[in-house]
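This report refers to the structure that appears directly beneath it.
Protein chains in written order, with the numbering used here: chain A, 6 to 148; chain B, 6 to 148.
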C-alpha cells in the first residue's frame, strides 16, 4: 500500500451550506456529477457528499455517521489490487463494511473500518487513473 | 487559502494497536516526538494522536470526539496568515473552537469547526516550512 490518500470525503447534511463555506475560503470546485462537490488538492481530492449517500455506500445506518464525520479513500492502480488490499486490511485487524464490488458507473469499491473506527474506501476508478507519483485528480484524468 | 491539506489526524485510543494496523499495511513511520506517530504521504502527513490530547488541543471534552474521529490541518506559510484565515473562516460560518495562540514548542495554532461539524486546525509550524508547491512533510524540513 503506497503512502498516499486519494480522497477525503466530508459527510454533509446541507450541500449548499457546506460548499458555500469552502467557496468563501477561496477554493475552486472542479466539475462534478450531481451529488458530489469536489475540490482538487495537491495530491488528492476533497469531496462533499451527502451523509445518507455515504452511509448507503458504506453499508451503515445514517446514525453511525456522527456530526462532522469524514472518511479517507485509497485508490488502487488496478482493479485486482482492491481485493488484495481488502484482504490484507482485514488480516491486519480492520472490520469489513462492504466487500469489493462493482459500482454502476464502472468503478470497483470496498469499505473497511480500522481498529480505531476510522473508515476507508479501498477502490479502483477506471476513469481517473492515478498520476505517475500516485496523485489523484478528480479532473484531469491522470495528466 | 490554498487548496491543500497539511495534516490528517486520526483520533486514537490505543496507539500501539492503531500504529500496528498501518505498519501491517506496509506504511513506514517517520521519526516523531513521543505522543505522535506520523506517516508522510504525498502532499501531507497522516498522524495518529491520542484522543485525549486531541480534545485538549481543540478545547473540547473528550466525549465530543466520537469513535473514529479525524481532523484536517492547514498550515500557513507565515504566522500572521493564521490570524487572517481564522477570521475569514469565522466570517464564512465556522465556529471558533480555539483562537490562534502560541504553542509551547514554538508553533501557532487555532481550531475551527465548519458548518457541518468537520474540525480543522489552522496553524503555523516554524520547524516544518512548506515546500514550494505547498506540500507538508513531517520530516525533511521543506526540502
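Glycine residues also receive a C-beta, built at the ideal position from the N, C-alpha and C atoms.
| query | result |
| --- | --- |
| Among B/20, B/23, B/44, B/55, nearest to residue 7 of chain A - alpha-carbon criterion | B/44 |
| Contact under 8 Å by Cβ, residue 40 of chain A with residue 116 of chain A | no |
| Contact with chain A by residue 34 of chain B, beta-carbon distance below 8 Å | no |
| Chain B contact for residue 21 of chain A (CB, 8 Å cutoff) | no |
| Opening and closing residue of the beta strand (DSSP E) in which residue 30 of chain B lies | Looking at the DSSP string, residue 30 of chain B is not in any beta strand (DSSP E), and its letter there is neither H nor E. |
| Cβ neighbours of residue 111 of chain A in the same chain (closer than 7 Å, five flanking residues each side left out) | 131, 132 |
| Residue 92 of chain B, enclosing alpha helix (DSSP H) - first and last residue | 84 to 96 |
| C-beta neighbour in chain B for residue 139 of chain A, strict 8 Å | yes |
| Partner residues on chain B for residue 123 of chain A, Cβ-Cβ distance less than 7 Å | 15, 73, 75 |
| Residue 57 of chain A, enclosing alpha helix (DSSP H) - first and last residue | 56 to 63 |
| Cβ of residue 60 of chain B within 8 Å of any chain C Cβ | Considering every chain present, this structure includes no chain C. Its protein chains are A and B. |
| Collapsed DSSP secondary structure at residue 75 of chain B in the structure displayed | strand |
| Separation of residue 135 of chain B from residue 120 of chain B, as counted between CA atoms | 28 Å |
| Any C-beta of chain B under 8 Å from that of residue 44 of chain A | yes |
| Residue 70 of chain B: CB within 7 Å of a non-hydrogen atom of the ligand HEM | Although the ligand HEM was asked about, the structure shown includes no ligands whatsoever. |
| CB-CB length for residue 77 of chain B against residue 123 of chain B, believed under 8 Å | 7 Å |
| Burial state of residue 144 of chain A, where buried means 16 or more other Cβ atoms lie within 10 Å | exposed |
| Candidates A/48, A/114, A/19, A/11, of which the one nearest residue 61 of chain A by Cα | A/114 |
| Chain B residues whose Cβ lies nearer than 9 Å to that of residue 102 of chain A | Ordered by position in chain B, no residue passes the 9 Å Cβ test against residue 102 of chain A, which lies about 12 Å from the chain. |
| Limits of the unbroken beta strand (DSSP E) element including residue 104 of chain A | 100 to 107 |
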